[in-house]
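Colleague:
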Amino acid sequence: MPELPEVETIRRTLAVHIKDLKINDITLLWPSAVCGWQDKAFAELVIGRRILELDRRGKYLLIRLDEGMTLIAHMRMTGRLNYYADHKEPEKHTHVVFTLERGEVHFSDLRKFGRIQAIPTSLCVKESSLGKLGPEPLEAEFTAAVLKDRLGKKKVSLKAALLDQHVLAGLGNIYADESLFLAGISPKRRADSLSEEETLKLHAVIRTVLQAGIDAQGTSFRDYRDANGEKGWFEQDLQVYGRGGEPCKVCGQTLERLRLAGRTTVYCPECQK
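FYI, in the numbering used here the residues of the sequence shown are 1264 to 1536.
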């Protein structure tokens, strides 16, 4: 699933191509991939509007249109947004084609979990999932004190708390595992059990790991690609994620797998206490 670094990379690579362009037409190959607003169809809300800006909130991509409309795109597991300078025939799993003044944007999704919602910009926070998201981990407002306060209210495993988008926006399985490893904290610990020193370290490494993911343009194991169809290369820097049963790169101990919050978690029993 694309996490904060992947969605941020899509935002950056897509903005280069489509900012300031008008949406001339939309082809809905699978209409359920989009959602209009109230009694208006998605196409009616979008066709003819100009793309002003691309923003991100957590794992959501926000495409700001003129006349006060925003497209909220959630990639879920396998969603992609790709730009093509020339006309391209839709592939098997392409569900939406945006025809622009110059080029096309194709929304594809192998597993059909991703969605694009059209909503008035003024209601984005109040009337969508965005309103329930926790703080942005790379913003100045996200301090160690904020993290401690939010974790201190959760009586679940630390891994489960970090995956909770109401606690912190944008962190998923990859970057949660990597952050906990670098912080030297077991994912099995209760979220409300961290000391002030542990919280300070976890806060710092979350920001470090996410920024490193952005710098590497994300992690591409299977489906993720940026708007140009290119893979990210953060996979080569992974310390624990996806490496269960292999030796720890730091101490040599065998990395263990377990199931937490419904997700496979990998950690080092020696490095993470």
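Beta carbons: idealized from backbone N, C-alpha and C, even for Gly.
#1: For the alpha helix (DSSP H) that residue 1473 lies in, which residues bound it at each end?
#2: In angstroms with no decimal places, state the Cα-to-Cα distance between residue 1404 and residue 1438.
#3: Tell me the rounded alpha-carbon separation between residue 1502 and residue 1414.
#4: Would you call the CB atoms of residue 1338 and residue 1397 closer than 7 Å?
#5: Got a sec, what are the start and stop residues for the alpha helix (DSSP H) residue 1440 sits in?
#6: Sort out for me which residues DSSP pairs residue 1383 with in a bridge.
#7: If we ignore side chains and look at the alpha-carbon of each, how far apart do residue 1407 and residue 1319 end up?
#8: Is the stretch 1442-1452 touching the stretch 1480-1487, taking contact as three or more C-beta pairs under 8 Å?
#9: Tell me which residue opens and which closes the beta strand (DSSP E) that residue 1369 is part of.
#10: My assumption, with CB atoms under 8 Å, is that residue 1529 sits in contact with residue 1440. Please give the rounded CB distance.
#11: Determine whether the beta carbon atoms of residue 1477 and residue 1442 lie at a separation below 7 Å.
Modeller: A quick look at the data gives this:
#1: Residue numbering aside, residue 1473 sits at position 210 when the sequence shown is read from its first letter. Where residue 1473 is concerned, the enclosing alpha helix (DSSP H) stretches over 1459-1478.
#2: Within the sequence shown, numbered from 1, the residue matching residue 1404 stands at position 141. Within the sequence shown, numbered from 1, the residue matching residue 1438 stands at position 175. Distance from the CA atom of residue 1404 to the CA atom of residue 1438, rounded to whole angstroms, is 20 Å.
#3: By 1-based counting over the sequence shown, the position of residue 1502 is 239. By 1-based counting over the sequence shown, the position of residue 1414 is 151. One C-alpha to the other measures close to 24 Å.
#4: Position 75 of the sequence shown, counted from the start, is the residue given in the question as residue 1338. Position 134 of the sequence shown, counted from the start, is the residue given in the question as residue 1397. With contacts defined by Cβ atoms closer than 7 Å, residue 1338 and residue 1397 do not form a contacting pair.
#5: Taking the sequence shown and counting its residues from 1, the one referred to as residue 1440 is at position 177. For residue 1440, the enclosing alpha helix (DSSP H) begins and ends at 1436-1446.
#6: Translated into positions along the sequence shown, residue 1383 becomes position 120. Bridge partners of residue 1383: 1332.
#7: The sequence position of residue 1407 within the sequence shown is 144, counting from 1. The sequence position of residue 1319 within the sequence shown is 56, counting from 1. Those two C-alpha atoms are separated by around 22 Å.
#8: Too few Cβ pairs lie closer than 8 Å, so no.
#9: Indexing the sequence shown from 1 puts residue 1369 at position 106. Per DSSP, residue 1369 belongs to the beta strand (DSSP E) from 1367-1372.
#10: Residue 1529 sits at position 266 when you count from the first residue of the sequence shown. Residue 1440 sits at position 177 when you count from the first residue of the sequence shown. The Cβ separation is near 6 Å, so the contact holds.
#11: Numbered from 1 along the sequence shown, position 214 holds the residue referred to as residue 1477. Numbered from 1 along the sequence shown, position 179 holds the residue referred to as residue 1442. No, they are not a contact pair.
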